[in-house]
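Participant: Let me give you the structure first, and then I'll get to my questions.
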Amino acid sequence: MTATITEERRVCEQCFESKPLSEFRCKKRGTSLRARECRTCHNETERLRQAEKRAKATDLAFAQFHAQLKRTRDEKRVAILVAVMVESFGGLHEFVAAWIGHIDQAMEKSPGSKKVLDFFQAITQMSDAAHKYHKPPDPAEMTTENLTFALRQQLRDLVRDEPELAVAAARELGWEVRPSVPTASD
Ligand SMILES: [Zn+2]
684 MTATITEERR
694 VCEQCFESKP
704 LSEFRCKKRG
714 TSLRARECRT
724 CHNETERLRQ
734 AEKRAKATDL
744 AFAQFHAQLK
754 RTRDEKRVAI
764 LVAVMVESFG
774 GLHEFVAAWI
784 GHIDQAMEKS
794 PGSKKVLDFF
804 QAITQMSDAA
814 HKYHKPPDPA
824 EMTTENLTFA
834 LRQQLRDLVR
844 DEPELAVAAA
854 RELGWEVRPS
864 VPTASD
C-alpha cells in the first residue's frame, strides 16, 4: 500500500492513520523527505528493536554464565558467580525468572534431555553453594512482610533444634504442651 500524500497530511504505512505531516520524521536533516511511518509507529518499532537487543544480550549472558557454572567445581566461586549474575540481571527475581524461562524452553523442546538435566544440576550446584556461603539478609533492607516471614522461619528452626524452648514459652502462657503421639501406622 502506498502512502497518500496531501499538502499537510499523510497516511502512515504502518498504522494506516492519516496524520499531519509534522507527525512524520524528517529522513535527513535539511531535506523535506519524510519517513513513511508516523512517529508513534517509529518509536514503537524502535522500542521493540531495543527490547529484542536486550533479550539477546540477556540470553548470551545467561549462556556464558551457565557454561562457567558447568566448569566450576569450587563452591565459593559458584557463590561469587551467582552474586555477580544476580547483580547483572537486576535482582534475584529477574535472575530466577531467567532460569525458569530457560528451563521451560528446554523442557518444552525436549523433556528429559541432557540440557534439562544440566539445568537442574546447575540449580543444585547453586543451591549447595548458597547454603554454604549465605549471608543473612540485612533487616534494615527488608519489608515488614519479609521480616515477619524470616523471623517465623528462624523461630521455627529454633524450636525444631530446641523444643524445650517452646514448652517453656507455652508454660509462661499457661498452656499445656504435649509431644505428638505416634500414629497407629508408625
Ligand atoms: Zn503509524
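Counting the sequence shown from 1 gives a position; the working numbering is that position plus 683.
Backbone N, C-alpha and C define an ideal beta-carbon position, used for all residues, glycine too.
What you are looking at is a predicted structure, and each value in this text was computed from that prediction instead of being measured.
#1: Can you tell me where the beta strand (DSSP E) holding K702 begins and where it ends?
#2: Using only CA atoms, which one of A780, S771 and S705 lies nearest to S715?
#3: Nearest-angstrom Cα distance between C698 and A738?
#4: Is the Cβ of M768 closer than 8 Å to any Cβ of chain C?
#5: For ligand 1, which residues have a Cβ under 6 Å from at least one heavy atom, in chain order?
#6: Label E691 either buried or exposed according to how many other C-beta atoms from any shown protein chain fall within 10 Å of its C-beta, with 16 as the threshold for buried.
#7: Buried or exposed: which applies to A812, given that a residue is buried once 16 or more other Cβ atoms fall within 10 Å of its Cβ?
#8: Bridge partners of C709, per DSSP?
Facilitator: In short:
#1: It spans S701 to P703 - the beta strand (DSSP E) in which K702 sits, taken as one unbroken run.
#2: S705 is the residue among A780, S771 and S705 whose C-alpha sits nearest the C-alpha of S715.
#3: Each residue's alpha carbon lies about 26 Å from the other.
#4: No chain C is present in this structure, which holds just one protein chain.
#5: Taking each Cβ in turn, the ones that pass are C695, Q697, C698, E700, E720, C721, T723 and C724.
#6: By the 10 Å Cβ count, E691 comes out exposed.
#7: If you draw a 10 Å sphere on the C-beta of A812, you find 16 or more other C-beta atoms in it, and that means buried.
#8: Beta-bridge pairing links C709 to R717.
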